[in-house]
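Participant: 29 is the number that this note's numbering gives to position 28 of the sequence shown; each next residue is one higher, with no gaps. Just so you know, even glycine gets a beta-carbon here, dropped at the ideal spot from N, CA and C.
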Amino acid sequence: MFKDFFIGFKKGQKAFGENIGIVINSILLTIVYIFGVGITSVIGKIGKKKFLEGEASKGTYWLDFNLGKKKMEEYYRQF
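#1: Is phenylalanine 52 helix, strand or coil when you go by DSSP?
#2: Does DSSP put lysine 71 in a helix, a strand or coil?
#3: In three-state DSSP terms, what is tyrosine 77?
#4: Under DSSP, the alpha helix (DSSP H) around glycine 39 begins and ends at which residues?
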């Protein structure tokens, strides 16, 4: 009798914890998205910052590879 009670209690606690975790994670991720991505986007639009380079009307999205146009010293310590 007690064993069945504790087994059921353990399953109930586990299900409750998983459900609470889903709710809390959804709320926290929504808040992070709104404040992190939303505010960054608004500030970027105010400052007319383009986060993605290139134009949609181009025939290709590849960037030019200008390997020979820089001095050799500019290739050292790129990071």
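Facilitator: The short version:
#1: coil
#2: coil
#3: Coil, per DSSP.
#4: Taken as a continuous stretch (DSSP letters only), glycine 39 belongs to no alpha helix (DSSP H), as it is neither H nor E.
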